[in-house]
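If you read the sequence shown in the UniProt record's numbering, its first letter stands for residue 1, the second for the next number, and so on.
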Amino acid sequence: MPGRCSATGKAKIAITLDEEYVEQIDRLVNEHIFQNRSQAIQEAVSDKLRKVKQGRLSLECAKLDPTFEKAMAEEGLNEDIAAWPEY
């Protein structure tokens, strides 16, 4: 991939942002909330990707049938318990 730096595991890219966002990022950098623009943007992208991933997980979990999942989890459990040694 172009711009990739194997020494740091990071890639350099170019993006275009609305001036409003750039001004907000610069303000956060000036207030020492972030070290630089790159850190601010990287954290924002990381946070967004985490939320997207969590949203997908939530959607998949919503498709599950709790009764069926419980039955599957307990299937064969009684036989397994009988085979376990006493403590």
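Even glycine gets a Cβ: it sits at the ideal position worked out from N, Cα and C.
Remember, it's a predicted structure, so these values are computed and weren't measured experimentally.
**OP:** Could you please give the first and the last residue of the uninterrupted alpha helix (DSSP H) stretch that includes D26?
**Re:** Looking up residue 26 in the sequence shown gives position 26. 19-30 is the span of the alpha helix (DSSP H), which, as asked, contains D26.
Original post:
Since A40 sits in a beta bridge, which residues does DSSP pair it with?
Top reply: Counting from 1 along the sequence shown, the entry for residue 40 is found at position 40. According to DSSP, which records beta bridges pairwise, A40 is partnered with nothing at all.
**OP:** For A14, I'd like the list of residues in its chain whose CB is within less than 8 Å of its CB, leaving aside the five on either flank, ordered along the chain.
**Re:** Residue 14 sits at position 14 when you count from the first residue of the sequence shown. For A14, there are no CB contacts under 8 Å within the same chain when 5 residues up- and downstream are skipped.
Original post:
Hey, quick one: how far does the alpha helix (DSSP H) through T67 stretch, first residue to last?
Top reply: Start at 1 with the first residue of the sequence shown, and residue 67 comes out as number 67. That run of the alpha helix (DSSP H) goes 66-74.
**OP:** Report yes if the C-beta of C61 is less than 8 Å from at least one heavy atom of the ligand NAP; otherwise report no.
**Re:** With respect to the ligand NAP, the structure shown offers nothing to examine, as it has no ligands at all.
**OP:** Give me the Cβ distance between A40 and L28, rounded to the nearest whole Å; I'm assuming they're in contact under 8 Å.
**Re:** Here residue 40 refers to the residue found at position 40 when the sequence shown is read from its first residue. Here residue 28 refers to the residue found at position 28 when the sequence shown is read from its first residue. The Cβ separation is near 6 Å, so the contact holds.
Original post:
Looking at the structure shown, is Q54 part of a helix, part of a strand, or coil, going by DSSP?
Top reply: Locating residue 54 in the sequence shown gives position 54, counting from the first residue. Reduced to three states, the DSSP call for Q54 is helix.
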